[in-house]
Amino acid sequence: MQYYNFGERSGRYIGRSQKYDIYASSITKITEIPDEFEIKNSGEIYFNYGPSAGGLRESVNFKLLTPGESIRDVVINPEYKQRDIKILGDDVARALLKVERINGFHGASNSIAYILAVEDALNIENSELNKMRIVELELERIRSNIDVIKGLCESAGFAVPEKQLLYLREEVARIISRAFSHRYYFSANGIGSIRGDFSTIKLNGIEKKFRDIYDGLLSSKIFLDRIQENGIVKNEQSTGPAARAAGFKFDARKDSKSLDYGHFIPITETGGDSFSRFVVRAEEIFASISIIDSYNIKNAETGKKKDASGSGEGTARIESPAGDIFYYVNIENGKLMDIQTVSPTYLNLRLFRQALKNNNIFTDFFFVWESFGIWISELEVNFI
Amino acid sequence: MNWFINGVKNRIKTQGLEDYTVEQPSFLQGTSNYECPTNALENGRWIMNKCIFCRECDLTATGKQNTFTVNSEIQDMFKKSLYLYPIDSGTCGACNVEFTTLFSPQYDTNRFKIFMSNTPRHADALVVMGVYTRGMEKILKEAYEAMPAPKVVIGIGACALSGGIIGTSAMEKYDIEVAGCPPTPASIIKAIIKARGVK
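Going down the list, the protein sequences come from chains E and X. Numbering that gives the first Met the number 0 puts the first residue of the first sequence at 0, with every later residue one more than the last. Numbering that gives the first Met the number 0 puts the first residue of the second sequence at 0, with every later residue one more than the last.
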């Protein structure tokens with residue numbers, strides 16, 4: 000375990016795994032801080048939305064405390080779709096098939112973070128794959144950020160840019176599919192290896208088309224009115240684009256040693272509102288394209304699967320499109336004895352609640368929700 | 000920015016269902032003695048609904064986007080329009096995204112008179128995605144019961160059909176089964192078109 004140790008808090012808060020609180024470079028016991036909810040006053044109701052309803056891509060339930068139009072508080076229940084995943088005792092390589100399905104849309108982030116933790120545990124040399132893994136992650140970030148901005152357009156009823164972004168999302172999926180033979184990177188990554196043809200990755204068309212849509216959205220007063228000064232949240236316990244939109248330079252690409260990005264400068268905004276999160280997501284698309292282009296990988300040696308029959312403890316933390324993803328593994332003779340994960344959804348759900356409570360009305364709900372790019376699937380897993 | 004004019008100027012040509020093929024998931028052929036983690040190989044023969052297309056066995060991908068089974072042809076009345084209500088029983092998110100891709104300009108599923116409904120009350124078909132989860136069992140049942148008869152149940156993805164590598168299947172029986180992990184949009188559309196018996 001090169002980069003983490005069990006002990007006192009060290010560095011910024013990353014989130015909570017099944018058994019531990021995780022900080023930037025330490026793993027600690029859980030410190031329970033109970034959520035405090037607003038008291039329901041006379042005349043107020045809880046408006047129930049979900050777990051299955053139009054407008055919700057995943058199953059999640061919201062109880063919105065409201066006197067009529069404003070939202071005073073929200074109780075979020077993400078547990079409806081909690082999956083029990085039987086993974087303990089599995090061979091570490093075979094467990095990867097389950098790990099990459101924790102969040103399929105961020106399959107590269109989850110599989111690469113898990114693999115890096117395994118390689119850390121078993122002291123497997125992996126530096127030759129560093130740039131290729133970064134390309135995978137950045138390509139995934141481009142698709143994910145396009146999807147978040149598409150969601151904002153959908154919330155605003157902007158059908159034309161929404162469909163144009165849906166088109167771009169599918170085009171990126173096809174680039175991923177051509178390079179890795181799977182649209183979600185499933186089975187593309189292995190312990191010490193990658194199955195991919197990086198020479199097929201060309202993003203010129205995507206960059207130009209996205210630039211046109213982005214410029215159009217930035218010049219649309221109706222769109223900007225809907226997302227500016229809406230869902231404001233600035234909290235040190237935050238992650239990913241939501242943190243960077245509030246001015247915090249939190250980014251695992253800069254402050255984690257698991258994957259070496261070299262000199263990396265996070266993109267930040269200061270507003271902390273849905274607009275700032277939109278701008279950070281959009282600018283990060285260009286930054287990701289720039290990283291991929293600068294690496295210009297053509298004929299890469301993608302390695303052969305390494306022997307994973309050893310024992311040890313390992314960790315890894317990388318920047319997924321929504322924020323920090325952390326994995327801890329404990330391996331005995333090639334079998335997975337413990338696995339702990341922190342997904343960005345843990346902090347993002349808390350931030351979403353704080354943002355929604357902050358002087359918003361019902362019609363703001365979807366803009367705030369979509370601006371965080373939350374995936375319930377990666378939070379609601381129970382390893383058995 | 001006038002988005003209407005922008006949309007007309009930057010129009011996107013919707014493609015045919017055979018215009019784009021992918022290697023995985025697609026129909027697999029051959030036999031293999033690989034010890035499959037999802038038991039998708041029985042006596043070397045491929046069982047489509049259990050397969051997660053992990054590429055570890057010796058089966059060969061054909062590129063054909065027809066990884067589906069139609070168990071019962073659907074009512075004539077749905078040939079003019081079919082409204083789908085998606086429900087996430089316990090997915091990883093990939094099936095959810097592929098489902099929304101049906102309505103992307105590349106596929107434009109509306110051209111086949113297939114639409115999305117925001118409530119099961121107005122839906123003709125329930126589209127089930129993901130593995131069985133305790134929390135969604137009752138919700139799934141309520142959604143099915145809320146739909147007006149006649150109704151269709153479509154299972155998409157290895158998780159919904161067999162539990163895949165994660166768990167157990169969300170429902171016992173489906174009218175239309177679309178295999179894949181996740182299935183491609185083309186496979187889903189083709190399955191519905193075949194079940195409707197119209198071109």
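A virtual CB, placed ideally from N, CA and C, is assigned to each residue, including glycine.
Please name the residue in the options whose C-alpha comes closest to that of residue i.
i	options	result
I145 (chain E)	E:I284, E:K303, E:A94 and E:I338	E:I284
S370 (chain E)	E:G6, E:N229, E:V74 and E:L216	E:N229
K112 (chain X)	X:I192, X:M47 and X:F98	X:I192
I401 (chain E)	E:W368, E:R316, E:V380 and E:G311	Given a span of 0 to 383 for chain E in the structure shown, any question on residue 401 (chain E) remains unanswerable.
N387 (chain E)	E:E161, E:A242, E:S273 and E:G14	Residue 387 (chain E) is absent from the structure shown; chain E starts at 0 and stops at 383.
A157 (chain X)	X:P85, X:I51, X:I46 and X:S31	X:I51
F36 (chain E)	E:E379, E:K356 and E:V380	E:K356
G246 (chain E)	E:D306, E:I212 and E:I231	E:I231
D292 (chain E)	E:G150, E:P33, E:Y3 and E:I200	E:I200
G388 (chain E)	E:S16, E:S176 and E:F325	The question about residue 388 (chain E) has no answer here: the residues shown for chain E are numbered 0 through 383.
N47 (chain E)	E:T30, E:N76 and E:N40	E:N76
Do the CB positions of residue i and residue j come within less than 9 Å of each other?
i	j	result
P184 (chain X)	A145 (chain X)	no
L136 (chain E)	A178 (chain E)	no
R82 (chain E)	G62 (chain X)	no
I155 (chain X)	L16 (chain X)	no
I221 (chain E)	A286 (chain E)	no
S24 (chain E)	I138 (chain X)	no
I141 (chain E)	I288 (chain E)	yes
Y131 (chain X)	S88 (chain X)	yes
G6 (chain E)	T27 (chain E)	yes
V159 (chain E)	R280 (chain E)	no
T301 (chain E)	G195 (chain E)	yes
F366 (chain E)	G54 (chain E)	no
I73 (chain X)	P149 (chain X)	yes
Y113 (chain E)	V278 (chain E)	no
Using a beta-carbon distance below 9 Å, is residue i in contact with chain X?
i	result
F365 (chain E)	no
R225 (chain E)	no
W374 (chain E)	yes
R8 (chain E)	no
V159 (chain E)	yes
V97 (chain E)	Note that residue 97 (chain E) is Lys in the sequence shown, not Val. Yes, K97 (chain E) counts as interfacial toward chain X.
Q81 (chain E)	yes
E318 (chain E)	no
Taking the C-alpha atoms as reference points, what is the distance between residue i and residue j?
i	j	result
S237 (chain E)	G322 (chain E)	9 Å
A94 (chain E)	I86 (chain E)	6 Å
R352 (chain E)	L64 (chain E)	12 Å
W374 (chain E)	N9 (chain X)	31 Å
Y173 (chain X)	V151 (chain X)	8 Å
K97 (chain E)	I164 (chain X)	7 Å
E99 (chain E)	F185 (chain E)	6 Å
K198 (chain X)	L27 (chain X)	Because K198 (chain X) sits at a pLDDT of 48, beneath the cut-off of 50, its placement in the model cannot be relied upon, and the following sentence gives the value as read from the coordinates. So the alpha carbons of these two residues sit roughly 25 Å apart.
V127 (chain X)	Y143 (chain X)	10 Å
R349 (chain E)	G271 (chain E)	14 Å
T13 (chain X)	N234 (chain E)	44 Å
D250 (chain E)	I226 (chain E)	24 Å
E241 (chain E)	N332 (chain E)	First, the amino acid is wrong: residue 241 (chain E) is Ala here, not Glu. Taking the straight line joining both Cα atoms gives about 40 Å.
V117 (chain E)	K18 (chain E)	19 Å
L115 (chain E)	G261 (chain E)	17 Å
V73 (chain E)	L217 (chain E)	30 Å
L258 (chain E)	E170 (chain E)	27 Å
M384 (chain E)	R110 (chain X)	Within the shown structure, residues of chain E are numbered from 0 to 383, placing residue 384 (chain E) beyond reach of any answer.
Residue range of the alpha helix (DSSP H) that residue i falls in?
i	result
D5 (chain X)	For the sequence presented, residue 5 (chain X) should be read as Asn rather than Asp. W2 to K8 is the extent of the alpha helix (DSSP H) around N5 (chain X).
D89 (chain E)	That residue, D89 (chain E), is in no alpha helix (DSSP H); it is neither H nor E in DSSP.
M131 (chain E)	N129 to S154
D292 (chain E)	S273 to Y294
D119 (chain E)	G106 to A120
L350 (chain E)	P343 to K356
R225 (chain E)	K220 to I226
F61 (chain E)	Run containing F61 (chain E): none in the alpha helix (DSSP H); it sits in the beta strand (DSSP E), N60 to T65.
F325 (chain E)	Segment G322 to E331 is the beta strand (DSSP E) holding F325 (chain E); no alpha helix (DSSP H) there.
Check the Cβ-Cβ distances between residue i and every residue of chain E, and say whether any is below 9 Å.
i	result
W2 (chain X)	yes
Q105 (chain X)	yes
C180 (chain X)	yes
G134 (chain X)	yes
G6 (chain X)	yes
R195 (chain X)	no
K198 (chain X)	Note that K198 (chain X) scores 48 on pLDDT, short of 50, meaning its location in the model is unreliable and no value can be drawn from it.
A185 (chain X)	no
I165 (chain X)	yes
Along the beta strand (DSSP E) that carries residue i, what are the first and last residues, could you check?
i	result
G14 (chain E)	Y12 to R15
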